[in-house]
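Colleague:
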Amino acid sequence: MRTIQKLIKWTAESKLPAVAILLFCSLAVTAGFDKNSTFLLLFITITAGWMYHWSFKQQWTPRTKICCGIYSFFLSQAIVSGNLVHYVEMRSSISENYIRLNTTSVLTGLSLAVLIYPTTLLLYHMIQCIKMPETPPNNSPQKTSMIFIVCWMFIFIAWLPYLSSYYPGGIVGDGACALEEALKSGVPSHSHWGILHILSLRFFLHLSIRLGSDLNFGVFLYVIAQSLLYSAVCAAVVNKLRSVGVPAILVCGTELMYAASGFFASFSISLWKDGLFSSAVLLLALLLWNLPEKSPYTARHIVPFTFISLFLCFWRSNGLYVLLLCLVGIALLLKKCGKQLIICGLTVAVFTMVVQGPVYEALHIGKDTLVQSFSVPIQQVAAAINEGAELTEYQKEILFQIIPEDIWSERYCPTLSDDLKNAADIIYLQDHAVDFIKIWFQLLLSNSGTYIRAYLMQMLGYWQPGVYQGNYYDYWLGIQDPFGRGWAQKDWIETLTGRSIRPVLEKRMEFIPSGTMVWGMLLALSLIIAQNSNSKKRLLVLLPLLASWCITLIAAPIAYAYRYIVMIPMALPILCTLLFQHQLEKKDREDYRQHIATAGKKCFPAIMAVFLFLSAFTAYRNLSHPITPEAFSGKEIKIFFSGNKYNATQYVLSGISEKESQFSWTDGEKMRVEIPVKGKYEQLQVDILIKGTFNGNKSYQILQNDTDITAGIINGEDRISFLADVIKNKLVFEMEFPDAQIIREVIEGSADNRKIAFQLQEISISIP
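The sequence shown lines up with residues 45 to 812 when you count with the working numbering.
#1: Is the beta carbon of residue 337 sitting closer than 7 Å to the one on residue 195?
#2: So what does DSSP say about residue 709, is it helix, strand or coil?
#3: Relative to the C-alpha of residue 689, which residue among 805, 583 and 439 is closest?
#4: Is residue 366 near residue 618, with beta carbons less than 7 Å apart?
#5: In chain order, what residues of the same chain lie with their CB nearer than 8 Å to the CB of residue 761, ignoring the 5 residues before and after it?
#6: According to DSSP, which residues form a beta bridge with residue 747?
#7: Do residue 141 and residue 601 have their CB atoms nearer than 7 Å?
#8: Can you tell me the Cα-Cα spacing of residue 726 and residue 779, whole angstroms?
#9: Look at the alpha carbon of residue 188 and the alpha carbon of residue 282, and state the distance between them as a whole number of angstroms.
#10: To the nearest angstrom, how far is it from the Cα of residue 235 to the Cα of residue 539?
#11: By a C-beta neighbour count over all protein chains shown, 10 Å radius and 16 as the cutoff for buried, is residue 345 buried or exposed?
#12: Is the beta carbon of residue 329 less than 7 Å from the beta carbon of residue 356?
#13: Out of 304, 310, 239 and 280, state which residue places its alpha-carbon closest to the alpha-carbon of residue 270.
#14: Starting from residue 808 and walking both ways along the beta strand (DSSP E), at which residues does that stretch end?
#15: Please classify residue 638 as buried or exposed, where buried requires at least 16 neighbouring CB atoms within 10 angstroms.
#16: Between the beta-carbon of residue 455 and the beta-carbon of residue 468, is there less than 7 Å?
#17: When you compare only the Cα positions, how much space is there between residue 353 and residue 385?
#18: In the structure shown, what three-state DSSP assignment does residue 767 receive?
#19: By Cβ distance below 6 Å, which residues in the same chain neighbour residue 424 in space, the five residues on each side in sequence not counted?
#20: Contact defined as beta carbons within less than 8 Å: I believe residue 5 pairs with residue 199. What is the distance between those atoms, to the nearest angstrom?
#21: Where does residue 742 fall in DSSP's three states?
#22: Excluding the 5 residues flanking residue 669 on each side, which residues of the same chain have their C-beta closer than 6 Å to its C-beta?
#23: So, under 8 Å CB-CB, residue 546 and residue 209 are touching, yes? Tell me the CB distance rounded to an integer number of Å.
#24: So, residue 245 versus residue 266, is the Cβ gap smaller than 7 Å?
#25: So residue 840 and residue 123 are supposed to be a Cβ contact under 8 Å. How far apart are they, rounded?
#26: Give a yes or no on whether the C-beta atoms belonging to residue 164 and residue 112 are separated by under 7 Å.
#27: Closest to residue 721 by C-alpha separation, out of 773, 687 and 276, would be which residue?
#28: According to DSSP, residue 721 sits in a beta bridge with which residue or residues?
#29: Secondary structure at residue 737, three-state DSSP: helix, strand or coil?
#30: Does the pairing of the stretch 473 to 480 with the stretch 519 to 531 give three or more beta-carbon distances under 8 Å?
#31: How many Å lie between residue 808 and residue 698 at the Cα?
#32: Please state whether DSSP places residue 314 in a helix, a strand or coil.
#33: Whose C-alpha, out of 381, 379, 347 and 422, is nearest the C-alpha of residue 392?
#34: Could you have a look at residue 109 and say whether DSSP puts it in helix, strand or coil?
#35: In the DSSP assignment, find the beta strand (DSSP E) that holds residue 242 and state where it starts and stops.
#36: State the Cα-Cα distance for the pair residue 125 and residue 149, rounded to the nearest angstrom.
Spelled out as C-alpha cells, the structure:
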C-alpha cells in the first residue's frame, strides 16, 4: 500500500509521467483528425502536461472537479463529432449531409477531454482570483436613467446606416408571410407567425396608409420601433454591468460591441420575430438578476415579470414552453422564496392556454399542427427508412399514410425538416399520433445509432462549435415578395451620395458562430456551479437563456438558424460578468480592497487583456474593411458566389439570394452588377459561369442602359460571355430572368418563397 501511495505521489509531483500519458492521449486524438494537425496537438500535449503538473498541486473541491470534468467531456465530444460532419448545403440529401459518428470517435473524444480538462481548471483558477462586490455602487436614480438614455441613443444612432441602406428592412421567409397575414382584414387566420406580431405589423401598415404613404413606409415604421426596443434592451445590459461595478473600460467595450456590430443591427431591422423575442428573454434574465435576496417581492418585480411572460407566450409559439421551463428552474433554485413568481407565471401560462385554445377556436384562428412538434421524430424515422430499416406491415401502413413511401426518401434532408413536414397528411397524423409515437419507439431499439446521428445533423447549429455553414453564414437582409405586394428595398445612402456602404455593413454582420456561443454559455454554467458561492442567484440569471436553448433543441426545423438563439450572443457580457461576481462572506468584506489589489497583480491584467482583445477584435472586424470594392485596373477580377472567396455582395447590388455551398441562386427577375474601373477602357470582357438552372430551360437577357447586349436560353451548366461598355469609370449591366419561378409553386409541399432561375458560380471581368 505504501508503495502505491509513493507511486501516486511521485506521479503527481513529476512532469514526465503526466507528459507520457498525455502524449498517448494526443496520439489517440490525432487518429481522429487530419494528419496536418499532429504537430499542433503535440504542442498542446506539452502545454497540457505543464497544466496537469500545476493542477496536481492545487486543492480542488469534488464539486469543481466534477463540473470541469463533465464540461470537458461533452465539449470534447462536440469537437470530435463536429469534425466528422460532412455538409454541402441545407437541402442536400443524406448522401451529402451526414456525420461519420462511431465508437472510435467517442474514444477519441475521451482522449481529447484529457487535454481539455486541465485547461478548464486553469481558467476556473484564474476566475477565482478576482471577486466583484454584489453591492452596486451608490448612484442616484436620475444619473442611472441618464446613463441608460445616453447608451440607448448611442447604439440606435450607430445602427442608423442599416436603416438607411436597407430601407424598409429585411423581409425574408416568415417575415413576408407575416406581412401577408397582416394585410388581410379581420381576425388573423393563423397563429403560426404570432398573433401579437401580426397585429403589430398591421398597426404600422395602417398608420402608413393614414399618412398617405405606401406599404413599404409602414414596414419602415415598424422596423424603427423594433430597432428602438432592441437597442433599449442592449443599453439595459450595459447599464446593469455598470451598476454592479464592472470596470468602466469593460462597460465601454460592451457598448462598443453592441453599437459597432452589424450582427445585432441586422436583427433589429429584420421582420423575423425572433429579435424581439430574444430581447424579452434577456429582459427576463435582467429582472431575475435584480431580484432581492429575500422575498416577498414587490410590484416592482411582479408586474414586469407578468408582462414579459405574457409577451414571450404571445409573440412566439414556443414562448409558453420557455416560461414553463423557467418556472421549474425558479422552483428548484428559489424554492419557497420563489412562490410569488411561480404563482404569477402559472397564472400567465393558464391564461395563455385558454386564449390560444378555446378562444382561438371560437375566433377560427388556426394553430400550429402536431407536425410542427414532430420535426425531430419525423427526421429520425426518415433517416432509419433511408438506411434500410426493416418495417412491419403495420408500421408501413401507418408511416406511408402519413407520408408516401417514395417521399420519405426523396425529401429527406438531414438538416431541414420542412420538406417532409409539408408533405405529411396532417389530419391523419393527428388522428394516429399515438401510433406514430409507438412506431418511433419500436424503431428506436434497432436504430439508436441512426437516431442519434439524425438528431445531431438536425441540430448542428446549436451544438457544433466553431463552424459557419448553410444559409446562416451571415445574416441576409434581403427582400422576398412571393405574393407580389411590391416590397422593394432602397439604398438611401447610395441615392444621396452616389456610393453604397453595403459591402462594409455586410462584413460587419458576422459574429461568433452559434455553436461556439452555446459552449460559451455552458462554460459559464459549469464554472458558476463549480464556484459554489452564490451560485443559485447567478444560475437564476442563466435560466431564460438555458430554457430558450433547450426548447430549440426539442423541435428546431432547421439546422442553422442563429435567430432562434440570438439571445445568447446578446447576453455575452452578462455571462462574462457572472463568472466574476462572487458573494463575499461578511468576514471577508473588510479585506476586500486588499484582496482585489493582490489578485489584480496576478490575474487582472490577463482578464483585462481578454476583454480588450474582444473589443479590439470587434472594432477591427467592423471598421477595417474598405468602403468601396476593388476596382478593375487591368488585372482580371473574379466575383465568387460561394466558398471562402465569396465577394458577390460587393459587386452585385441586387438580385441574388443567400450564399450556398457551391453557388448562389438568382432572386427575382433582375440582377444588377456594378464594378468600378480604373484606367481608360472602352469595353471589358464579361464571363458568367452558370452552375445550373431551376426547373429546366431558363431564358436571360443582358442590358446596359436599357439597351440589349445579348440574350439566350440555358438548361443546366453553361457560360454566358459578352462585351460590356465602361461608362464613367464603371462597368454596369443588368441581367433579367423573365421566366424565374417561385420554388413553392413548382415543388409541391415546399415552403421556400424565393423566385429563382440560375445558379451563379462565378463572374470574371477581363480585357478583351
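Ideal placement from N, C-alpha and C gives every residue a C-beta, glycine not left out.
Modeller: Let me spell this out:
#1: Contact: no.
#2: DSSP places residue 709 in strand when its eight states are reduced to three.
#3: Of the listed residues, the one whose Cα sits closest to residue 689 is 805.
#4: Taking 7 Å as the Cβ cut-off, residue 366 and residue 618 do not qualify as a contacting pair.
#5: Leaving aside the five residues that flank residue 761 on each side, the residues in its chain whose CB is nearer than 8 Å to its CB run, in chain order, 734, 735 and 736.
#6: DSSP lists 752 and 778 as the bridge partner or partners of residue 747.
#7: Against a cut-off of 7 Å, the Cβ pair of residue 601 and residue 141 comes out as no contact.
#8: Cα-Cα distance, rounded: 20 Å.
#9: The C-alpha of residue 282 is placed about 11 Å away from the C-alpha of residue 188.
#10: The C-alpha of residue 235 lies about 39 Å from the C-alpha of residue 539.
#11: The residue in question, residue 345, is buried, as its Cβ has 16 or more Cβ neighbours within 10 Å.
#12: No; because the gap between Cβ atoms is not below 7 Å, this pair is not in contact.
#13: That would be 310, whose Cα lies nearest to the Cα of residue 270.
#14: DSSP places residue 808 in the uninterrupted beta strand (DSSP E) bounded by 802 to 810.
#15: Low local confidence applies: a pLDDT of 47 at residue 638 is under 50, so the model's placement there is unreliable, with the coordinate-based value given in what follows. Under the 10 Å beta carbon count, residue 638 is surrounded by fewer than 16 other beta carbons and is classified as exposed.
#16: No. Outside cutoff.
#17: If you draw a straight line from the Cα of residue 353 to the Cα of residue 385, it comes to about 11 Å.
#18: DSSP places residue 767 in strand when its eight states are reduced to three.
#19: Excluding its 5 nearest sequence neighbours in each direction, residue 424 has C-beta neighbours in its own chain below 6 Å: 495 and 498, listed in chain order.
#20: Residue 5 is absent from the model: the chain starts at 45 and stops at 812.
#21: Note: residue 742 maps to strand in three-state DSSP.
#22: Only weak support exists for where residue 669 lies, its pLDDT of 40 falling under 50; the value from the coordinates is given anyway. Closer than 6 Å at the Cβ level, and outside the excluded window around residue 669, lie 548 and 551.
#23: The pair is a contact, with the Cβ atoms about 5 Å apart (cut-off 8 Å).
#24: In this structure, residue 245 lies near residue 266, with their beta-carbon atoms less than 7 Å apart.
#25: This structure leaves residue 840 out entirely; the chain is present only between 45 and 812.
#26: In this structure, residue 112 lies closer than 7 Å to residue 164 by Cβ.
#27: Nearest C-alpha to residue 721: 773.
#28: Per the DSSP secondary-structure output, residue 721 pairs in a beta bridge with 676.
#29: Residue 737: strand per DSSP, three-state reduction.
#30: Touching, no, given that fewer than three Cβ pairs across the two stretches are closer than 8 Å.
#31: A direct Cα-Cα distance of roughly 18 Å separates residue 808 from residue 698.
#32: In this structure, residue 314 counts as strand in the three-state DSSP scheme.
#33: The shortest C-alpha separation from residue 392 is found at 347.
#34: Correct three-state label for residue 109: helix.
#35: Taken as a continuous stretch (DSSP letters only), residue 242 belongs to no beta strand (DSSP E), being part of the alpha helix (DSSP H) at 239 to 254.
#36: Spanning the two alpha carbons is a distance of roughly 7 Å.
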